[in-house]
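Written out below as structure tokens is the structure these notes cover.
2 protein chains.
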Amino acid sequence: MAGIKDVAQEAGVSVSTVSYVLSGKRSISAKTTDKVMAAVERLGYTPDASARKMRGMRNHIFALSAPIRGDINQAKYNAYFLQTAWQAKNRGYDVLLLTGEDAVADIRRVTQSNLVDGVVLLDIEEHDERTAQAGSYSKPCVAIGYPAEHEGCACVDIDFATAGRMAVDCLYSKGHRSAMFLRDNETDCDRGSGYVLLFRKALLERAEELGMTIHESFKHRDDRFDAVEFVRELCSLDERPTAIVNQANANVLKLVLQQLQASGLRVPDDISVLSCGTYFEGELMPQPITEMPVMPQELCSKAVDLLVDAIDERRDIKGLVELSAPVMHSRGSVTKVGDV
Amino acid sequence: MAGIKDVAQEAGVSVSTVSYVLSGKRSISAKTTDKVMAAVERLGYTPDASARKMRGMRNHIFALSAPIRGDINQAKYNAYFLQTAWQAKNRGYDVLLLTGEDAVADIRRVTQSNLVDGVVLLDIEEHDERTAQAGSYSKPCVAIGYPAEHEGCACVDIDFATAGRMAVDCLYSKGHRSAMFLRDNETDCDRGSGYVLLFRKALLERAEELGMTIHESFKHRDDRFDAVEFVRELCSLDERPTAIVNQANANVLKLVLQQLQASGLRVPDDISVLSCGTYFEGELMPQPITEMPVMPQELCSKAVDLLVDAIDERRDIKGLVELSAPVMHSRGSVTKVGDV
DNA sequence: TTGTAAGCGTTATCAT
DNA sequence: ATGATAACGCTTACAA
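Residue numbers (our numbering), protein chains in the order written: chain A, 2 to 341; chain B, 2 to 341.
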């Protein structure tokens with residue numbers, strides 16, 4: 002591998018001249034510049050990343066922590082991986098993927114050894130060890146999610162409390178007085194994903210305020226969702242709910258939509274469907290579903306911007322919380338009901 | 002940040018002693034070891050990754066190239082990301098994610114600057130610039146896939162040619178003489194994903210040999226698969242095919258299965274379904290489907306092993322090709338037909 | 001068993 | 001406008 006010394010020799014100049022030509026940090030004569038660039042070209046010289054960083058320069062790498070937890074289907078994080086990597090590249094950073102089970106240990110290892118300049122946290126739980134320890138990391142840290150303990154890092158998330166209220170308000174204003182709340186299997190809740198809890202709390206509270214009824218239902222058999230049972234319960238309720246608020250994934254919702262059709266219930270004529278905190282972009286739904294989606298692109302973009310700011314501008318982002326307003330994408334699956 | 006000098010001072014020994022205690026490369030008295038370890042603990046010392054690598058040591062990072070191509074649904078690569086990261090960690094390596102559109106440029110950048118010790122290539126096309134250029138990378142490289150040009154790197158893949166023949170043999174031996182070939186929308190084919198081409202070629206050739214009829218069908222409207230039209234065509238054929246060979250993704254197959262049911266065709270009584278090169282583990286299929294799956298775990302494991310071997314043992318893996326035998330997972334969706 | 005010092009490839013501070 | 005050189009934090013050959 003050709004080093005800066007080889008280039009200097011090839012060009013007949015000193016190493017510092019080569020360095021300055023490449024960095025542009027001082028004025029160099031056109032002739033010298035040409036000689037050096039030619040030599041660089043000829044030798045295929047690329048500066049060594051480690052040596053460069055030894056001089057106190059940035060590494061231009063940050064860690065992306067997405068611990069693999071056996072029970073969870075991780076497919077939904079793919080969009081976050083790609084968006085983070087993409088945004089990082091836009092800002093001149095590479096992404097080091099950390100998927101080990103002991104996430105805190107991994108983060109400590111890569112931050113303390115100066116392998117990375119910062120950390121992005123994915124798949125945040127309500128009580129997340131990674132954010133709880135963030136204050137002790139030697140590099141800035143941004144969480145995509147909104148955990149209870151977040152003094153040591155910045156947080157970026159959708160405002161799920163508002164989303165919960167918006168969901169109720171949307172339905173209530175269209176005359177709905179009773180709705181089913183459809184969630185994924187309980188794993189996520191047990192783990193305590195913050196957004197699920199927040200959304201549910203706000204949903205129930207706002208419904209209470211307005212005097213709207215929310216039926217919670219968990220129909221899972223052998224870890225699989227039972228759509229037939231769900232629809233059966235829906236139909237058997239005294240005052241049949243006129244809407245479904247969905248927070249489950251695409252597969253579960255598809256099963257429900259199918260079963261509704263099989264039961265002769267048309268969407269939205271017989272029942273409205275509103276999906277929240279989901280991401281059906283590109284998913285093949287039987288019909289378009291009105292949605293307040295999560296926004297991987299927006300969240301990742303914000304997170305990366307914040308982190309790069311903290312790194313490059315030495316900005317202190319500890320404890321910062323940025324919640325994005327939920328956005329309602331009307332796709333016709335929610336309609337008015339009654340005499341409203 | 003505490004450095005090795007601080008530790009040496011704190012422990013009252015020389016820097017080299019600290020280094021040797023940590024590396025275990027020479028025998029140190031128990032007393033000294035204790036003193037040093039205590040100091041390391043007290044100061045929370047972690048060696049600097051760059052400085053370490055400057056001394057010719059490995060970086061213990063490799064690049065994972067998965068270029069974002071606008072038209073493709075990247076969700077299917079998630080399993081490969083995670084498996085690669087997981088296997089890498091088992092072998093003591095971290096993974097740097099490269100998703101830039103100009104993949105070759107990214108790879109050159111990280112290999113030439115010694116940021117990574119090796120490269121793993123994902124989502125390989127039949128004619129892939131990344132493998133075509135692999136010979137000129139300054140680090141070893143493994144492709145998960147089997148492209149035309151692969152002199153400069155190692156390749157790890159399922160043996161899709163054999164899979165194609167196995168699919169035909171399986172159906173033929175059960176009395177099937179005519180089948181529909183169901184593929185994803187044509188994007189993958191146009192791009193020329195190697196495995197799709199290989200599988201199709203072998204499938205058609207073997208069918209020809211045995212005198213079996215394969216109907217190819219592309220029913221896509223507005224970039225969406227039209228299951229209704231597909232089943233209509235299936236039923237309208239003179240000698241109605243008794244089997245479907247599927248290579249499309251879970252969503253497309255689900256639509257077809259649904260439509261078959263709607264048309265009164267039962268699987269496998271009225272029509273057999275065999276899926277190849279897919280990965281339905283954990284997907285919610287209406288019913289279990291006999292499958293020759295792709296095997297992310299096995300492929301990634303092999304790829305990582307190969308790469309780590311090349312890095313740590315300086316083994317030359319250029320041009321190496323390792324094809325895994327396809328495995329048939331019988332799940333009851335293929336049955337005998339006629340008087341066999 | 002332990003210490004001293006050279007050197008890895010850069011960048012930045014001097015000097016010229 | 002350019003060159004010589006110290007320094008970054010570590011590993012290891014050589015000395016004691």
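Every residue, glycine too, gets a C-beta built ideally from N, C-alpha and C.
Remember, it's a predicted structure, so these values are computed and weren't measured experimentally.
Beta-ladder partner(s) of residue i, from DSSP
{"i": "B/HIS330", "result": "B/GLU292"}
{"i": "B/ALA180", "result": "B/ILE215 and B/ALA244"}
{"i": "A/PHE200", "result": "Paired residue(s): none; A/PHE200 is not in a bridge."}
{"i": "A/PRO96", "result": "Contrary to the premise, residue 96 of chain A reads as Val rather than Pro in this sequence. Answer is A/PHE63 and B/LEU98."}
{"i": "B/VAL111", "result": "DSSP output for B/VAL111 lists no bridge partner at all."}
{"i": "B/SER139", "result": "BP columns for B/SER139 are empty, so no partner."}
{"i": "B/ALA144", "result": "B/LEU122 and B/CYS156"}
{"i": "B/CYS277", "result": "B/MET293"}
{"i": "A/GLU323", "result": "A/VAL157"}
{"i": "A/PHE231", "result": "The partner list for A/PHE231 (beta bridge, DSSP) is empty, contrary to what the question assumes."}
Cβ-based burial, residue i [other Cβ within 10 Å; buried from 16]
{"i": "A/ASN250", "result": "buried"}
{"i": "B/HIS330", "result": "exposed"}
{"i": "B/LEU238", "result": "exposed"}
{"i": "B/VAL328", "result": "exposed"}
{"i": "B/GLN288", "result": "exposed"}
{"i": "A/ALA203", "result": "buried"}
{"i": "A/HIS61", "result": "buried"}
{"i": "A/SER17", "result": "exposed"}
{"i": "B/ASP185", "result": "buried"}
{"i": "B/SER273", "result": "buried"}
{"i": "A/ALA135", "result": "buried"}
{"i": "B/ALA89", "result": "buried"}
{"i": "B/VAL322", "result": "exposed"}
CA nearest to the CA of residue i, picked from the options
{"i": "A/SER264", "options": "A/PHE231, A/GLN288, A/ASP239 and A/PHE281", "result": "A/PHE231"}
{"i": "A/ALA343", "options": "A/MET38, A/GLN10, A/ALA168 and A/ASP118", "result": "The first residue shown for chain A is 2 and the last is 341, placing residue 343 of chain A beyond what the model contains."}
{"i": "A/LEU256", "options": "A/MET38, A/VAL229 and A/GLY278", "result": "A/VAL229"}
{"i": "A/MET2", "options": "B/SER137, B/LEU254, B/GLY176 and B/HIS216", "result": "B/SER137"}
{"i": "B/THR85", "options": "B/LYS54, B/VAL111, B/LEU123 and B/GLU130", "result": "B/LEU123"}
{"i": "B/GLU130", "options": "B/ARG109, B/GLN113 and B/HIS177", "result": "B/ARG109"}
{"i": "A/TYR94", "options": "B/LEU97, B/TYR147 and B/MET38", "result": "B/LEU97"}
{"i": "A/VAL114", "options": "B/TYR147, B/GLY45, B/ALA149 and B/GLU126", "result": "Here the sequence assigns Ser to residue 114 of chain A, which means Val is not the residue at that position. If we check each option's Cα against that of A/SER114, B/GLY45 comes out closest."}
{"i": "B/SER174", "options": "B/LYS140, B/GLY212, B/ASP313 and B/PRO141", "result": "B/GLY212"}
{"i": "A/CYS301", "options": "A/ASN79, A/GLY4, A/ARG27 and A/THR34", "result": "A/ASN79"}
{"i": "B/PRO297", "options": "B/CYS236, B/LEU83 and B/LEU261", "result": "B/LEU83"}
{"i": "A/MET38", "options": "A/SER20, A/LYS26 and A/MET55", "result": "A/SER20"}
{"i": "B/ASN91", "options": "A/ASN91, A/GLY101, A/SER24 and A/ALA89", "result": "A/GLY101"}
{"i": "A/ARG201", "options": "A/GLY57, A/LYS54, A/TYR81 and A/GLY278", "result": "A/GLY278"}
{"i": "B/MET286", "options": "B/SER24, B/VAL197, B/LEU258 and B/LEU199", "result": "B/LEU258"}
{"i": "B/GLU299", "options": "B/LEU23, B/TYR81, B/ARG43 and B/MET58", "result": "B/TYR81"}
{"i": "A/MET58", "options": "A/VAL22, A/ALA31 and A/ASP313", "result": "A/ASP313"}
{"i": "B/LEU199", "options": "B/SER139, B/HIS128, B/LEU261 and B/PRO242", "result": "B/HIS128"}
Short Cβ contact (9 Å threshold) for residue i with residue j
{"i": "A/VAL120", "j": "A/VAL157", "result": "no"}
{"i": "B/ASN247", "j": "B/SER276", "result": "yes"}
{"i": "B/ALA304", "j": "B/ALA106", "result": "no"}
{"i": "A/LYS319", "j": "A/GLU152", "result": "yes"}
{"i": "B/VAL117", "j": "B/ALA40", "result": "no"}
{"i": "A/ARG324", "j": "A/ILE159", "result": "The question names Arg, but residue 324 of chain A is Leu in the sequence shown. Against a cut-off of 9 Å, the Cβ pair of A/ILE159 and A/LEU324 comes out as a contact."}
{"i": "A/ALA67", "j": "A/LYS36", "result": "no"}
{"i": "A/PHE226", "j": "A/VAL253", "result": "yes"}
{"i": "A/THR214", "j": "A/GLU234", "result": "no"}
{"i": "B/HIS177", "j": "B/VAL338", "result": "yes"}
{"i": "B/VAL335", "j": "B/ALA208", "result": "no"}
{"i": "A/GLU126", "j": "A/PRO141", "result": "no"}
{"i": "A/TRP87", "j": "B/ILE69", "result": "yes"}
beta-carbon residue i near the ligand SAH non-hydrogen atom, thresh 8 Å
{"i": "B/ILE125", "result": "This structure does not include the ligand SAH; it has no bound ligands of any sort."}
(message) Using a Cβ distance threshold of 8 Å, determine whether the stretch 267-278 of chain A contacts the stretch 300-316 of chain A, with at least three qualifying pairs required.
(response) Flag = no, the stretch 267-278 of chain A and the stretch 300-316 of chain A do not touch.
(message) Counting beta carbon pairs with one atom in the stretch 281-300 of chain B and one in the stretch 151-164 of chain B, are three or more of them shorter than 8 Å?
(response) Judged by Cβ distances under 8 Å, the stretch 151-164 of chain B makes contact with the stretch 281-300 of chain B, as three or more pairs qualify.
(message) For the stretch 91-105 of chain B against the stretch 37-57 of chain B, do three or more pairs of beta-carbon atoms, one drawn from each stretch, fall closer than 8 Å, so that the two count as touching?
(response) Contact fails between the stretch 91-105 of chain B and the stretch 37-57 of chain B, because fewer than three Cβ pairs, one in each stretch, are under 8 Å apart.
(message) I'd like to know if the stretch 2-17 of chain B and the stretch 171-183 of chain A are in contact, where contact means that at least 3 CB-CB pairs between them fall below 8 Å.
(response) Taking 8 Å as the limit for Cβ pairs, the verdict is that the stretch 171-183 of chain A does not touch the stretch 2-17 of chain B.
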